[in-house]
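Everything below concerns the one structure shown next.
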Amino acid sequence: MKKDFYEILGVSKSASPEEIKKAYRKKAIQYHPDKNPGDKEAEENFKLCAEAYEVLSDADKKARYDQYGHQAFENGGYGGHHMNMDDIFSQFGDIFGSAFGGGGFGGFNGGGGQRRMKGSNLRIKVKLTLEEVANGVEKKVKVKRKVQAVGVTYKTCSTCNGSGQVMRVTNTILGRMQTASTCPTCHGSGQILDHKPSNADSQGMITEDDTVSIKIPAGVVDGMQLKVQGKGNDAPGKNSIPGDLIVAIEEVEHEFLKREGENLHFDLYISFPEAALGVSKEIETVNGKVRIKLEEGIQSGKILRLKGKGIPSLNSYGNGDLLVHVNVWTPKTLNKEQKQFFEKMIGDENFTPSPEKSDKSFFEKVKDMFS
1 MKKDFYEILG
11 VSKSASPEEI
21 KKAYRKKAIQ
31 YHPDKNPGDK
41 EAEENFKLCA
51 EAYEVLSDAD
61 KKARYDQYGH
71 QAFENGGYGG
81 HHMNMDDIFS
91 QFGDIFGSAF
101 GGGGFGGFNG
111 GGGQRRMKGS
121 NLRIKVKLTL
131 EEVANGVEKK
141 VKVKRKVQAV
151 GVTYKTCSTC
161 NGSGQVMRVT
171 NTILGRMQTA
181 STCPTCHGSG
191 QILDHKPSNA
201 DSQGMITEDD
211 TVSIKIPAGV
221 VDGMQLKVQG
231 KGNDAPGKNS
241 IPGDLIVAIE
251 EVEHEFLKRE
261 GENLHFDLYI
271 SFPEAALGVS
281 KEIETVNGKV
291 RIKLEEGIQS
301 GKILRLKGKG
311 IPSLNSYGNG
321 DLLVHVNVWT
331 PKTLNKEQKQ
341 FFEKMIGDEN
351 FTPSPEKSDK
361 SFFEKVKDMF
371 S
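Mapping the sequence shown onto UniProt numbering, position 121 (from 1) lands on 121, and the numbers just tick up by one.
Printed below as a string of structure tokens:
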């Protein structure tokens, strides 16, 4: 079982963004590869800290983690992936400041600040039916991605000599100070365009159509975001890292079923004779129709609970339930014979309302639904 992200960084759920950042910096410096050469355990902890910070430093990801835990980021290989060193150094290098030689990461980022460039993320929406949400589905989507053109080449940047950084020496009252900053020519990649094919843009990139297969787990919710690693835009330069494809889930409203968390609700309408005599009815579920038997004398407002006929839990085992709301339909118009029939029933003791303790009020039934 994966360790809790808050526990990894040593912060509480109520920690502010600044407190989370401070805690991550402290932990990352503690386990940094430059301080622990050859220590695999320290390297693993370094990666875990970065993974925790990636989620907790992002308001949207943090909210999803607080609600669904690790499961929100661990379906089909997207979201919450185990980060590699290049991901960490390219995303969070500014947090360390001068702790490791003025913004560098030693041998892990090219020995002098050079870093592998990561492409931008792509974002799409995927619409899912309630049946697809309940059972999980694999979707193939078409996206337009920026990739390096065939034949493009890059060469070492002459401004920074491939280091990705430029050094500046200034004289202060405390003496000579040396500071490093990202190279303005290559933007930290250490490379610039050498040969550009005719069909490429100024950075040697082209746009191409790509089909991406996305495995969506059962139990996702409307608005949830999944990440398909490495299916975003490429970045220019040798050994660059592609961005990710961010998939936003959009749940399509069902014609008969209403979702409430992991439970589903279905309104069943029956006639007065059916309520009095009892009846067998077919109802909709996310896995086809099922038949249920209603007892004689069933009351309008009765709620029947079909265990396990709801939505699977994304963050644990089991399914929600299907709640069937019974509604007795009263006719709005009656012919002469029908009116005479009901008029005879008015004085009949059997047709006088006499609710039993088991016939809960509407508010009690609503309370039971949420208990």
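Note that CB positions come from ideal geometry on N, CA and C, so glycine has one too.
All values derive from a computational prediction rather than experimental measurement.
Rounded to whole angstroms, what's the CA-CA distance from PRO146 to LYS227? Just pull it up for me.
-> Position 146 of the sequence shown, counted from the start, is the residue given in the question as residue 146. Position 227 of the sequence shown, counted from the start, is the residue given in the question as residue 227. The sequence as given places Lys at residue 146; Pro does not occur at that position. Going by C-alpha positions, LYS146 is about 18 angstroms away from LYS227.
Going by beta carbon distance, what residues of the same chain come within less than 7 angstroms of GLY136, once the five residues before and after it are set aside?
-> Here residue 136 refers to the residue found at position 136 of the sequence shown. Excluding sequence neighbours, GLY136 sits near ILE216, PRO217 and ALA218.
Give a yes or no on whether the C-beta atoms belonging to LEU264 and VAL286 are separated by under 8 angstroms.
-> Numbered from its first residue, the sequence shown carries residue 264 at position 264. Numbered from its first residue, the sequence shown carries residue 286 at position 286. Yes.
7 angstroms Cβ shell around ASN315 - same chain, five flanking residues per side excluded = The residue labelled residue 315 in the question sits at position 315 within the sequence shown. So the list reads TYR68, GLY69 and GLN71, once near-sequence residues are dropped.
Measure the C-alpha to C-alpha separation of ILE128 and PRO273 and round it to an integer number of angstroms.
-> Locating residue 128 in the sequence shown gives position 128, counting from the first residue. Locating residue 273 in the sequence shown gives position 273, counting from the first residue. The residue asked about is misnamed: residue 128 is Leu in this sequence, not Ile. LEU128 and PRO273: Cα-Cα distance of roughly 39 angstroms.
Endpoints, the beta strand (DSSP E) within which LEU9 is located | As a working note, residue 9 is residue 9 in the sequence shown. That residue, LEU9, is in no beta strand (DSSP E); its alpha helix (DSSP H) goes 5-9.
Curious, which full-length alpha helix (DSSP H) runs of at least 4 residues does the stretch 203-265 contain?
-> none
Do ILE298 and VAL326 have their C-beta atoms closer together than 8 angstroms?
-> Mapped onto the sequence shown, residue 298 falls at position 298. Mapped onto the sequence shown, residue 326 falls at position 326. Cβ atoms of ILE298 and VAL326: closer than 8 angstroms.
May I ask you to report which of helix, strand or coil DSSP gives ARG291?
-> Translated into the one-based positions of the sequence shown, residue 291 becomes position 291. Strand.
Would you call PRO37 buried or exposed, if buried means 16 or more other Cβ atoms sit within 10 Å of its Cβ?
-> What you label residue 37 is simply residue 37 of the sequence shown in a count that begins at 1. When all chains shown are included, PRO37 counts as exposed.
Extent of the continuous beta strand (DSSP E) run through ASN327 = Position 327 of the sequence shown holds residue 327. It spans 322-329 - the beta strand (DSSP E) in which ASN327 sits, taken as one unbroken run.
Distance between HIS32 and PHE108 (C-alpha atoms, nearest Å) = Here the question's residue 108 lines up with position 108 in the sequence shown. Here the question's residue 32 lines up with position 32 in the sequence shown. Reliability of the predicted coordinates at PHE108 is poor, the pLDDT of 40 falling under 50, and no value is obtained from them.
Going by alpha carbons, who is nearest to ASP222 out of SER213, GLU250 and ASP234?
-> Here residue 222 is taken as the residue at index 222 of the sequence shown, counted from 1. With distances taken between Cα atoms, ASP222 lies closest to GLU250.
Among LYS258, SER240, LYS144 and SER202, which one has its Cα closest to the Cα of ASP210?
-> Indexing the sequence shown from 1 puts residue 210 at position 210. Comparing Cα-Cα distances from ASP210 to each of LYS258, SER240, LYS144 and SER202, the minimum goes to LYS144.
So MET205 and ASP244 are in contact, right, with Cβ under 8 angstroms, and what is the actual spacing, rounded?
-> Reading the sequence shown from its first residue, position 205 is the one you call residue 205. Reading the sequence shown from its first residue, position 244 is the one you call residue 244. 17 angstroms between Cβ atoms; not a contact.
LEU306 bridges to which residues according to DSSP?
-> Numbered from its first residue, the sequence shown carries residue 306 at position 306. As computed with DSSP, LEU306 is found in a beta bridge with LEU322.
Take TYR154 as the anchor and find which of SER202, GLU18 and GLU253 has the nearest alpha-carbon.
-> Taking the sequence shown and counting its residues from 1, the one referred to as residue 154 is at position 154. Distances from the alpha-carbon of TYR154 to those of SER202, GLU18 and GLU253 put SER202 closest.
Can you grab the Cα-Cα spacing for the pair GLU132 / ILE270, in whole Å?
-> On the sequence shown, residue 132 is found 132 positions in, with the first residue counted as 1. On the sequence shown, residue 270 is found 270 positions in, with the first residue counted as 1. The straight-line gap separating the alpha-carbon atoms of GLU132 and ILE270 is approximately 29 angstroms.
What first and last residue would you give for the beta strand (DSSP E) that runs through ILE124?
-> Counted from its first residue, the sequence shown places residue 124 at position 124. From DSSP, the beta strand (DSSP E) with ILE124 extends over 122-128.
Alpha helix (DSSP H) containing LYS344: first to last residue?
-> In the sequence shown, the residue the question calls residue 344 occupies position 344. Membership of LYS344 in the alpha helix (DSSP H) is indicated by the continuous run 336-346.
Once you ignore the five residues that flank GLY318 on each side, which residues in its own chain have a CB closer than 8 angstroms to its CB?
-> Position 318 of the sequence shown holds residue 318. Around GLY318: GLY308 and PRO312.
How long is the line joining the alpha carbons of PRO184 and GLY237, rounded to whole angstroms?
-> The residue you call residue 184 lines up with position 184 of the sequence shown. The residue you call residue 237 lines up with position 237 of the sequence shown. Near 15 angstroms, if we compare the C-alpha coordinates of GLY237 and PRO184.
Identify, in the order they occur along the chain, each residue of the same chain with its Cβ nearer than 6 angstroms to the Cβ of ASN239, setting aside the five sequence neighbours on each side.
-> Numbered from its first residue, the sequence shown carries residue 239 at position 239. Cβ within range, chain order: ARG116.
Taking GLU262 as the reference, give the member of GLY232, SER300 and LEU322 with the closest Cα.
-> Indexing the sequence shown from 1 puts residue 262 at position 262. Ranking GLY232, SER300 and LEU322 by Cα distance to GLU262 puts LEU322 first.
Compare the Cα-Cα distances from LEU304 to each of LEU334, THR330, LYS339 and LEU268 and report the closest residue.
-> Within the sequence shown, the letter at position 304 stands for residue 304. With distances taken between Cα atoms, LEU304 lies closest to LEU268.
Residues of its chain near GLU19, where Cβ-Cβ distance is below 7 angstroms and the 5 sequence neighbours each way are ignored | The sequence position of residue 19 within the sequence shown is 19, counting from 1. VAL11, listed in sequence order.
Per-residue DSSP class, three states only, for HIS70 | Start at 1 with the first residue of the sequence shown, and residue 70 comes out as number 70. It is helical.
Beta-carbon proximity list for HIS254, same chain, < 6 angstroms, skipping 5 on both sides = Sequence index remark: in the sequence shown, residue 254 carries index 254 (1-based). The beta carbon of HIS254 lies closer than 6 angstroms to those of LEU130 in the same chain, with the five residues before and after it left out.
Among ALA28, TYR65, SER57 and CYS160, the one whose alpha carbon lies nearest that of GLU43 = By 1-based counting over the sequence shown, the position of residue 43 is 43. Ranking the options by Cα distance to GLU43, first place goes to ALA28.
In the DSSP assignment, find the unbroken alpha helix (DSSP H) run with LEU193 in it and report its ends.
-> Taking the sequence shown and counting its residues from 1, one reaches residue 193 at position 193. Counting along the chain, LEU193 falls outside any alpha helix (DSSP H), though it belongs to the beta strand (DSSP E) covering 191-195.
In three-state terms, what does DSSP make of GLU296?
-> As a working mapping, residue 296 is identified with position 296 in the sequence shown. Looking at GLU296 - three-state DSSP - the assignment turns out to be coil, as it is neither helix nor strand.
Would you kindly work out how many angstroms separate the C-alpha atoms of LYS35 and ILE8, rounded to a whole number?
-> Within the sequence shown, residue 35 is the residue found at index 35, counting from 1. Within the sequence shown, residue 8 is the residue found at index 8, counting from 1. Each residue's CA atom was taken as its position, placing LYS35 and ILE8 some 19 angstroms apart.
Since I believe SER181 is in contact with GLN165 (beta carbons under 8 angstroms), could you give me their beta-carbon distance rounded to a whole number of angstroms?
-> As a first step, residue 165 must be located in the sequence shown, where it is residue number 165. As a first step, residue 181 must be located in the sequence shown, where it is residue number 181. Between SER181 and GLN165 the Cβ distance is about 7 angstroms, and since that is below 8 angstroms, they are a contact.
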